[in-house]
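Visitor:
Numbering (the working numbering), first residue to last: 599 to 754.
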């Protein structure tokens, strides 16, 4: 019977350099997939702008269909929609048009001179003036433009 040195069995030599490189490549690919799957802050800010724009369009449509003025106000902390009742602006009670706070870390900068800016949609859907609302989070910015014709668009 041949006698061999302990540990010299071919099956017990360990991993080869090629095997180690393949494992490291797999780990690198897996970590790249995880990094790419993380949510993009710009996307979330764009979603917030889209939500605000959709609700503003709904308020515009409600002003036309209901033949009554609806106002949209925007502040650094949130936004809301008001209707005129008995000579005063009253917050709307309908769920999508209730007062809404911006998401955590989001801040709005209206183009007006005051910290809380208001525009008015009349019964024909026209706005009393244009308004640009710049949403910011970290270093990301998205602009929601409300035109004097009542149009609402995101970006430039």
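Glycine residues also receive a C-beta, built at the ideal position from the N, C-alpha and C atoms.
Since the model is a prediction, treat every value here as computed from it, not as a measurement.
#1: Should residue 729 and residue 752 be called a contact, given that it needs their Cβ atoms to be closer than 9 Å?
#2: Please go through the segment 633-695 and give each complete alpha helix (DSSP H) segment of 4 or more residues, from N-terminal end onward.
#3: At the level of alpha carbons, what is the spacing between residue 630 and residue 615?
#4: Residue 746 by DSSP, collapsed to three states: which one?
#5: Closest to residue 651 by C-alpha separation, out of 682, 720 and 698, would be which residue?
#6: If you draw a straight line from the C-alpha of residue 613 to the C-alpha of residue 624, how long is it?
#7: Going straight from the alpha carbon of residue 628 to that of residue 647, what length do you get?
#8: For residue 621, does the three-state DSSP call read helix, strand or coil?
#9: In three-state DSSP terms, what is residue 697?
#10: According to DSSP, is residue 628 helix, strand or coil?
#11: Please go through the same chain and pick out, in chain order, the residues whose beta-carbon is closer than 7 Å to the beta-carbon of residue 681, but skip the five residues on each side of it.
#12: With a 10 Å radius around its C-beta and 16 neighbouring C-beta atoms as the bar for buried, classify residue 715 as buried or exposed.
#13: Quick check: residue 672 and residue 731, are their CB atoms within less than 9 Å of each other?
#14: Output needed for residue 662: all residues of its chain with C-beta closer than 6 Å, excluding positions within five of it in sequence on either side, in chain order.
Guide: For this structure:
#1: no
#2: 639-663
#3: 23 Å
#4: coil
#5: 698
#6: 16 Å
#7: 32 Å
#8: helix
#9: In the structure shown, residue 697 sits in coil (DSSP, three-state: anything other than H, G, I, E or B).
#10: Three-state DSSP puts residue 628 in a helix.
#11: 666, 668, 688 and 690
#12: buried
#13: yes
#14: Hits under 6 Å: 723.
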